[in-house]
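In what follows, a single structure is set out as structure tokens and then discussed.
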Amino acid sequence: MTITKPVNNVRPRPTLSAGIPSSAIVVAVLAGAFFVLPFIALLAGITWSDLPELLTSRSALDALWLSLRTASAATAICIVFGVPLALVLARSNFPGRTLMRSVVLVPLVIPPVVAGIVLTEAFGRRGLIGEQLSALGIDIAFTTAAVVLAQTFVSLPFMVTTLESHLASSGEHYERVALSLGSSKWRTFWTVTLPLLRPGLVSGVVLTFARALGEFGATITFAGSLQGTTRTMPLEIYLAREADPDAAVALSLVLILIAVLVIAVAYFRPKHPHR
Amino acid sequence: MTITKPVNNVRPRPTLSAGIPSSAIVVAVLAGAFFVLPFIALLAGITWSDLPELLTSRSALDALWLSLRTASAATAICIVFGVPLALVLARSNFPGRTLMRSVVLVPLVIPPVVAGIVLTEAFGRRGLIGEQLSALGIDIAFTTAAVVLAQTFVSLPFMVTTLESHLASSGEHYERVALSLGSSKWRTFWTVTLPLLRPGLVSGVVLTFARALGEFGATITFAGSLQGTTRTMPLEIYLAREADPDAAVALSLVLILIAVLVIAVAYFRPKHPHR
Amino acid sequence: MTSMQHSGLTVDITVAQRKVNVAFSVPHGEVLALVGPNGSGKTTTLMALAGWLMPDVGKAKLDGTVLFDCPDPTRKPHKWLPAHQRGIGYLSQDHHLFPHLSAVDNIMYGMDRADITGRRARRAKAEEWLDRIGLAGYGKRKPHQLSGGQAQRVAIARVLASGPRLVLLDEPLAALDVKAAPAIRNLLTEVLRDLTVILVTHHQDDIVALADEVYHIIPQR
Amino acid sequence: MTSMQHSGLTVDITVAQRKVNVAFSVPHGEVLALVGPNGSGKTTTLMALAGWLMPDVGKAKLDGTVLFDCPDPTRKPHKWLPAHQRGIGYLSQDHHLFPHLSAVDNIMYGMDRADITGRRARRAKAEEWLDRIGLAGYGKRKPHQLSGGQAQRVAIARVLASGPRLVLLDEPLAALDVKAAPAIRNLLTEVLRDLTVILVTHHQDDIVALADEVYHIIPQR
Amino acid sequence: STPEVSESDATATGEEATLNVLAAASLQKSLEEISEEFTAQHPDVTIDFNFAGSATLVHNLDSGSPADILASADELNMDKAEQAHLIDADTRTLFASNTLVGIVPVDNPAQVSNLQEATANGVNLVICAPQVPCGALSQRLAEAVGVNLQPASEEQQVVDVLGKVRSGQADAGLVYATDAGLAPNEVSTFEIEGADEELNYYPIARTANSEHPDVAETFIEFVKSDTGRSILEAHGFTTP
Ligand SMILES: Nc1ncnc2c1ncn2[C@@H]1O[C@H](COP(=O)(O)OP(=O)(O)OP(=O)(O)O)[C@@H](O)[C@H]1O
Ligand SMILES: Nc1ncnc2c1ncn2[C@@H]1O[C@H](COP(=O)(O)OP(=O)(O)OP(=O)(O)O)[C@@H](O)[C@H]1O
Ligand code: MOO
Ligand SMILES: [Mg+2]
Ligand SMILES: [Mg+2]
């Protein structure tokens, strides 16, 4: 056998995947169909000719713009709050950790409308904290800030849970190495913990943003519904549904397109990922 | 210095945590307060004397039992569907993977009521598939099965996203080693992939179960609200709110207690975890 | 062995991006020492043979079975036997013991292939292996509760216990202490007697003690 | 060195669960070879010194500073300096290069402590280190694109470049080839000249070439 | 005067019947009470309710929800059901109506006592969105009275309006009289001039696919009977 000369102009073959059992692929295809079929039903149900008018109506555009702003703000807050919270839950051992972990997940399990009631009792004009804020002249009732607060409240659990499980499964080897190279805890956090947490952050951001974008019950109960100020896309969609369910489905398509865009961006991976 | 004799009756000191920057702890405490305060507001708002009567009413018990059954069934289905789907998304490279990933996340972002409409259009009596099923005498709309279907639809994205990010960040080294020891793909999946996926499964189950337990909009739209058959806790709570918001909050407390229980069980860790 | 064509291993591999290009053969039942400087392609070669990495161009044949045949870097290979059907035991440079299994369960993992049936028979066999590598009594430990050298020895036992036709060992003795190294070397001499083996090592002692032949990889710059 | 009390390292450590019990001292500027069979407690000792693990009972003092003082296994230690304040460079048995950083960025990581300021000065210094370990031109590679021996060398450079007062090396030469091993050994001789060092090794060559003193750990059974 | 049950009816023959009633959520309390009275007289009949917003009910009915009776909170949704032939138009009848009232928190922080004051600057007024029945009614009433509503929020449902005034988030709100009665300790009511001219009507009808048409019609009769009317009135509805 002669030695073949090296080929340089060819994309290198990747390391091989360990493979997936074929029965798992069958189930995956079935499960995929379970998602795709309703999605097709949705597309089939849309009256395409009505779409342009529906989507460019003043109220729809207002709602869309409001939703984008509030969901982005809520996601940003969830990152700022969620990362430290997940760190503390995953890597410290204070008493009451399990309790804290459960409390963080409460907004996930209570119906959103109840979340709205609870938020009112805490941050409303007569609420535990709201009253103090009111005295200081800060009134968030019926403002866009209330929308962001509601969205943050219901979506933070996704961020925290996702990040915590990633931190727990990745261990602290690299952090220890960094400290032994003289790096402070603060610097280690920024240069080691956070970059290595990337896959967790991506999935956390996707879940959080999606949940914030779809939030309805807590928003309407706590923040109200006024065009341009508090009426986000889901509220607009619900209102549209009263008169015309097809319009509701069509408006949902916009939400879906945004979600698809966000997901595509979030999952975009650099060419040479580290494993 | 004399050599101290070994101490055997003492719990071994654990390997040290790499530590958390103190500013992160401050933010975590703030974020924790953000969750705890509404929770306290919630507890403060409950009229404890009304509680026993409220919680032992026939309709509340029916709803509770129904919620537990359906949410458990939905979680089980999400595991069966979610694991293969996540595997395929994380470890294969078929064209349209990003599209598939987005489609899987669609139920997350559309408002639940729209999810209900879409499910009707797919699985309802006149739906794409529902029609065929109807012809076979299978009618799922407005049955308990419809509740499970609705819950599965809205909560599967959590399972898939969580598992996928775990699979992506853990790599395939151990799977390769197993294959090289002659283990089939199928056995490798059960003996290596799945056990190592444990932290992801735990957080996936927690998120999925919580979301299924709290599901309202898709259920009422696709399955209706019939006591004992389709009226789950969130629907019961929603009805209670009409007359008495305090009752709604009190009923939510039951959901919260269940969630806390599930979370405590899910996060229970064996004494000597492998890192 | 007379007929190298039909028995033993023949290899010819090119991985362009890593500047690796090797071609050699190992007669059935012999031990080939694969030596060369760091980065010359020893691990790359073993990975290709184990089925963890696809070479750009290459072909390998073991005892008459074609393991893979990749004539063209731009096309799918003519043949590509998946890793678990090759009958090859590979001790990688990082041992990768399964973190969720105890030492004894790690050793038992590959025994399917070794045709040892029955849970009790397997466990007995695994305990025997533990004894042979000087770690009797350590069976219940999880990998992270073992020292570097202990883990390395368990990994060696795991590969050998799986009954491979071809054994690939990437620096098996690197982490071992002055007593264990010769002991394990003796063990290898005994166990590997009838097997076809590729041994990667940087140590003359290993070559002298274990190898029938040596293949030097000369790096291309 | 005359005053061992005030300069250099004194150690006395007990980790009951691992049956580890060591006590020794290293004068400032000398190299102590820490040898002993697999599982005797070499890595455990280094981890305690580096601040990765708390001994049940123990005390260590470096150049007059108490690193830790744990008189009672049931109580909090009297003193416990956190890892990043000890000025200790630790090359662990698994090198743990940061997977998200390139080779050159890995080497630059600890230069804060070495008081090299300015990004360009650091980069230049790191390139110099790459050259010294024979890997000029490999700076942009991520760890998973390096061979075992190459990664090991980068890890050595990373520790040395961080300017530690005390250097702990756990089998630094294990993965190195026949040419690199002596070359790195020479490098170490040169770099470690004025530093206090503990070197874990199983190889007589290393001891002869590098060590001023040897401490044998005799395992307790 | 309870209507006589005909001999051909399922209940009379001892055959068991279950009625499925799709009803607007705001009717929950009154219909449940009425059904208790009804089943006391007809022990073989069981009544299962499906309470939701009226739009949801019509959607449910359209997609095959088992149902014998539809009771909606507005005529618009009943019209939709009729157009889709989901109900038997001959059985459709109005059985109750509702008027709008103004509500304020009991301590009335903004000192609101009529609709004009409720629309003043700096008063947080909440109403229903014009797309839903109570909002449409509010709009008509405001026009009739000649005020310009400047709400802080346009809610999707009456309960949301009530909830916001109840919790003190809002200073005033417009709700149905029946809703105002749900929280007598937390909100005070003020009358709106001309409100009794603008009514919201509740229609009820037997569905087209009812499995027990006779029992269903008997129940509808019962809702409209004196017993039914007195229960509805006790909950704040006006009856025809
Ligand atoms: N994923 C990768 N991408 C690109 N180059 C790689 C990758 N992995 C390894 N290399 C390069 O390929 C060459 C061969 O590496 P290999 O691991 O086969 O060396 P080796 O002979 O096993 O060396 P060692 O003795 O250090 O283990 C090296 O120059 C290495 O830097
Ligand atoms: N997490 C742990 N829990 C319990 N025992 C452990 C743990 N880690 C290590 N050990 C045990 O402690 C002893 C000392 O281990 P250590 O890693 O210090 O050995 P070593 O001298 O570095 O050995 P080697 O030469 O193999 O690297 C060993 O017997 C080992 O099995
Ligand atoms: O009873 Mo309704 O349809 O929510 O106004
Ligand atoms: Mg190698
Ligand atoms: Mg060691």
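Chains as they are written, first to last, in this note's numbering: chain A, -10 to 264; chain B, -10 to 264; chain C, 22 to 242; chain D, 22 to 242; chain E, 1357 to 1596.
The C-beta atom is built at its ideal place from N, Cα and C for all residues, glycine as well.
Since the structure is predicted, the reported quantities are computational estimates derived from the model, not experimental observations.
Are the Cβ atoms of residue i and residue j separated by less than 7 Å?
i                 : j                 : result
Ala111 (chain A)  : Leu183 (chain B)  : no
Ser61 (chain B)   : Thr221 (chain B)  : no
Glu1554 (chain E) : Leu1493 (chain E) : yes
Thr31 (chain D)   : Pro76 (chain D)   : no
Gly29 (chain D)   : Val47 (chain D)   : yes
Lys82 (chain D)   : Asp33 (chain D)   : no
Asp1535 (chain E) : Val1479 (chain E) : no
Tell me, please, whether the CB atom of residue i is closer than 7 Å to any CB atom in chain D?
i                : result
Ser168 (chain C) : yes
Ala176 (chain C) : no
Tyr256 (chain A) : no
Asp233 (chain C) : no
Lys161 (chain C) : no
Answer yes or no: does any C-beta atom of chain B fall closer than 7 Å to that of residue i?
i                 : result
Leu36 (chain A)   : One point to set straight first is that residue 36 (chain A) is Thr, not Leu, in the sequence displayed. Output row for Thr36 (chain A): interface = no.
Ala71 (chain C)   : yes
Ser1419 (chain E) : yes
Asp1671 (chain E) : Residue coverage of chain E in this structure runs from 1357 to 1596, which leaves residue 1671 (chain E) outside it and unanswerable.
Ile99 (chain A)   : yes
Closest Cβ-Cβ distance between residue i and chain A: below 7 Å?
i                : result
Arg134 (chain D) : yes
Ala157 (chain D) : no
Ala236 (chain B) : no
Leu246 (chain B) : no
Ser183 (chain D) : yes
Are any of the Cβ atoms in chain E nearer than 7 Å to that of residue i?
i                : result
Arg264 (chain A) : Note that Arg264 (chain A) scores 40 on pLDDT, short of 50, meaning its location in the model is unreliable; the coordinates nonetheless yield the value given after this. Closer than 7 Å: no.
Leu215 (chain B) : yes
Leu228 (chain B) : yes
Arg114 (chain B) : yes
Using 6 Å as the cut-off, classify the Cβ of residue i as near or not near the heavy atoms of ligand 4, replying yes or no.
i                : result
Gly105 (chain B) : no
Gly131 (chain C) : no
Gln106 (chain C) : no
Ser169 (chain B) : no
Gly169 (chain D) : yes
Is any beta-carbon of chain H found at less than 7 Å from that of residue i?
i                : result
Pro184 (chain A) : Among the protein chains of the structure shown, namely A, B, C, D and E, there is no chain H.
Check whether the Cβ of residue i lies closer than 6 Å to any heavy atom of ligand 1, and answer yes or no.
i                : result
Thr133 (chain A) : no
Gly72 (chain D)  : no
Arg39 (chain C)  : yes
Check the Cβ-Cβ distances between residue i and every residue of chain C, and say whether any is below 7 Å.
i                : result
Ser173 (chain B) : yes
Gln171 (chain D) : yes
Asp162 (chain B) : It should be pointed out that residue 162 (chain B) corresponds to His in this sequence rather than to Asp. With 7 Å as the cut-off, His162 (chain B) counts as an interface residue toward chain C.
Quick one: does the C-beta of residue i sit closer than 6 Å to a heavy atom of ligand 5?
i                : result
Gly62 (chain C)  : no
Ser56 (chain A)  : no
Ser113 (chain D) : no
Is any heavy atom of ligand 2 found at a distance shorter than 6 Å from the C-beta of residue i?
i                : result
Ser6 (chain B)   : no
Thr65 (chain D)  : yes
Gln259 (chain C) : Outside the displayed span of chain C (22 to 242) sits residue 259 (chain C), for which this structure offers no information.
To test your reading of the DSSP string, which unbroken alpha helix (DSSP H) runs of 4 or more residues are found completely within the stretch 1406 to 1471 of chain E? 1410 to 1418, 1431 to 1439
*With a cut-off of 8 Å, do at least 3 Cβ pairs link the stretch 89 to 107 of chain C to the stretch 159 to 174 of chain B?*
yes
Given 8 Å, three or more beta-carbon pairs between the stretch 203 to 223 of chain A and the stretch 46 to 54 of chain B: no
Please give the ranges of any beta strand (DSSP E) in the stretch 59 to 117 of chain D, keeping only runs that are unbroken, at least 3 residues long and fully inside the region.
Correct list: 78 to 83, 86 to 91, 109 to 112.
Checklist line | Stretch-stretch touch, CB-based, cutoff 8 Å, three pairs: the stretch 126 to 140 of chain A with the stretch 232 to 251 of chain A | finding: no
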